[in-house]
Amino acid sequence: MTEKGRRGFVSLVGGGPGAPGLMTLHGRRAIERADVVLYDHLASPALMASLQVEGQERIHVGKTAGAGLHAQNAINELIVQRAARGERVVRLKGGDPCVFGRGGEEAAACRQAGIPFEIVPGVSSVSAAPAYAGIPVTHRETNSGYTVVTGHEREGDATSRVDWEELARGGRSIVVLMGVLQASRWSEALLKGGLPGQTPVAWIQRATTPAQRTVVTTLAQVVQARDEHEIRAPAIAVVGDVVHWRDELAWFENRPLRGQVIATTRAISDDREAFAPLEDEGAILLHVPLTCQRPLEGSLDDALVDRSYTDLVVTSANGVRALSGALQRRGLDSRDLAGVPIWAVGPGTARALRGSLGLRADHVPDVHSAAGLLAHAASHGVQGRSFLFPAAAAARRELPEGLLELGATVQEVAAYETVADPMATVRLESALAQGLTWIAIASPSAADALVDALNTLGHKPDRLSVGAVGPTTARHARGRGLAVRAVAEPHTMAGLAATIMSTLSTSEEES
Ligand code: SAH
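Residue numbers (numbering that gives the first Met the number 0): 0 to 510.
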């Protein structure tokens, strides 16, 4: 125990090979709970970005190939020091922490210092890289096992620590890690051991990331292929007949939206579902919240207590959240809305009503916009009705004015306001570092926040392709210099995803 009254704890976490989805739930949880994360160059920036934890310290303990004992000792010391202060420490490593990751040494340092630790295994590049290249590391028809070896030997070692000749005779496929620089050394050793020169070899670089590349060659040509195609670490080599399966099974590098990195930007939303079809086509989805909603307490609370309304109209999940907050603050619940017809602008809002308040929307128009809702209201007749409308501060006038014209009265209350998320710039920076190509925005305020963040980072506003959820957002975004290349039809997030998809497929065909 420390003066903080907390006991330190160390998680040695495998971050997987690069794609954020290839990290374990246990590892994510460890990061969410950590005070400090120590990571190195193999920890995927995509992963780090997808796991923003407020107030968490992150330390790059950069250690590139071949760094000596000294660097490792310093890392061990840092881990122990931080935990001894009572902090929860995550040591995040690429792949699996104990596959050429020196996780064992770090665990031993914890044990020695009497610090409790856990080892959270990860998806190793050993299996992930071949899988993403369409190469099963074992296949009943070709081999009964596989061997994982390091291709890196310390300079000056007279005898190899790997028995390459035994490997050459073993009949197993061979996965070589850290084998880029010394490819001539290990390939010659395998040839010398009797492996035929035409044995297929696959170089797989930056596996599971948008930059993944696979080059198929032969054992005799391994070095030449490396140089010709500029293969650089991190890359693995797979040696053996299993490589032939790639002809049939390659999948990751062939997908139509490969290389597209697309960000959604609404703070709390089910946009991921809406954009899932793009993921299936190979795009990478990031979540980069640009704005957040601040609830405005008071007027909605009072309106709910007064109950001078006959109907309720809600136009966003934020409105639903504001409603729920106001009910709670006044000790009310859904029963206090009994008998009040509820009008929702679209299915997302209707789902939010169901989800957070257990309320069914009575009216959801076919066209999911203010105009659509007004058309629906007109056909229904709302003469003499009195609408309560929890809205955004500075919301557009279209809906309340339209309802007035239809002979209703509207009690519009400012229930929440949209502000730029203070983390937007940091998140955008890391998304750009991951090759962000497209960004989906759902409001004029998101466009403003995007332009501000790009400015702060020193980029021109037209640096990214922008998808806008509707014409109002698109107009505003263009006015601010953003390159709007898709406007959703219909004006929903699912509509936006579909429009971006068709825009990308068309431009793909043209190029
Ligand atoms: N613990 C890691 C391996 C660390 S050794 C793991 O389990 O994956 C570093 C070597 O791993 C690199 O030189 C490379 O051979 C391999 N490697 C790691 N990530 C990789 C990736 N995304 N694509 C290809 N090879 C990778």
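Quick reminder that beta carbons are idealized off the backbone N, C-alpha and C, glycines included. Given the structure is predicted, the values throughout are model-derived calculations rather than measurements.
List the residues that DSSP assigns as beta-bridge partners of residue i.
i                 : result
asparagine 454    : For asparagine 454, which the question treats as bridged, DSSP gives no partner whatsoever.
leucine 176       : Thr149
serine 368        : Paired residues: none, contrary to the question.
glycine 466       : Ala439 and Ala485
arginine 90       : Leu11 and Leu37
asparagine 72     : Asparagine 72 is not bridged to any residue.
tryptophan 342    : Val312 and His362
cysteine 291      : Val418
glutamate 428     : Paired residue(s): none; glutamate 428 is not in a bridge.
histidine 59      : Tyr38
valine 122        : Bridge partners of valine 122: none, in fact.
phenylalanine 388 : Glu411
alanine 107       : Answer is none; alanine 107 lacks a bridge partner.
glutamate 117     : Ser10
threonine 217     : Pro199
Can you tell me whether DSSP reads residue i as helix, strand or coil?
i                : result
threonine 471    : helix
phenylalanine 99 : coil
glutamate 165    : helix
glycine 318      : helix
alanine 262      : strand
leucine 256      : coil
glutamine 211    : coil
tryptophan 244   : helix
alanine 496      : helix
aspartate 310    : strand
glutamate 280    : coil
alanine 201      : strand
leucine 503      : helix
valine 238       : strand
leucine 285      : strand
arginine 6       : coil
histidine 518    : Nothing in the structure corresponds to residue 518, since the chain is present only between 0 and 510.
glutamate 154    : coil
threonine 348    : helix
glycine 401      : helix
proline 19       : helix
glycine 380      : coil
Quick one: using the 10 Å Cβ neighbour count with 16 as the cut-off for buried, is residue i buried or exposed?
i              : result
alanine 64     : Model confidence at alanine 64 stands at a pLDDT of 46, short of 50, so the residue's coordinates are unreliable and nothing is read from them.
glycine 15     : buried
valine 200     : buried
valine 79      : buried
glutamate 229  : exposed
methionine 500 : buried
valine 175     : buried
glutamine 111  : exposed
glycine 324    : buried
histidine 59   : exposed
proline 288    : buried
glycine 478    : exposed
threonine 505  : exposed
alanine 130    : buried
leucine 24     : exposed
glutamate 2    : Any reading at glutamate 2 needs caution, since the residue's pLDDT is 49, under 50, leaving its predicted position unreliable; the model's value is listed next. Label assigned to glutamate 2: exposed.
proline 470    : exposed
glycine 318    : buried
Looking at residue i: is its Cβ nearer than 9 Å to the Cβ of residue j?
i                 : j              : result
valine 98         : valine 36      : no
leucine 356       : serine 333     : yes
alanine 182       : glycine 150    : yes
glycine 281       : alanine 316    : no
alanine 482       : proline 460    : yes
alanine 390       : valine 412     : yes
threonine 263     : methionine 422 : no
glycine 94        : glycine 121    : yes
phenylalanine 116 : alanine 106    : yes
valine 344        : valine 313     : yes
threonine 198     : arginine 171   : no
leucine 299       : alanine 266    : no
alanine 452       : glycine 466    : no
threonine 472     : isoleucine 438 : no
histidine 12      : proline 135    : Note that residue 12 is valine in the sequence shown here, rather than histidine. No, Cβ-Cβ distance for valine 12 and proline 135 is not below 9 Å.
leucine 41        : proline 19     : no
Please determine whether the Cβ atom of residue i lies at a distance below 8 Å from any heavy atom of the ligand PLP.
i             : result
threonine 314 : Ligands present in the displayed structure are limited to the ligand SAH, and the ligand PLP is not among them.
**Message:** Count Cβ pairs between the stretch 239-252 and the stretch 272-279 that sit closer than 8 Å; are there 3 or more?
**Reply:** no
**Inter-stretch contact (C-beta, 8 Å, three-pair minimum) for the stretch 399-411 and the stretch 374-385** = yes
**At least 3 beta-carbon pairs within less than 8 Å: the stretch 225-233 vs the stretch 201-210** = yes
**Message:** With a threshold of 8 Å, are at least 3 pairs of Cβ atoms found where one atom belongs to the stretch 6-13 and the other to the stretch 49-59?
**Reply:** no
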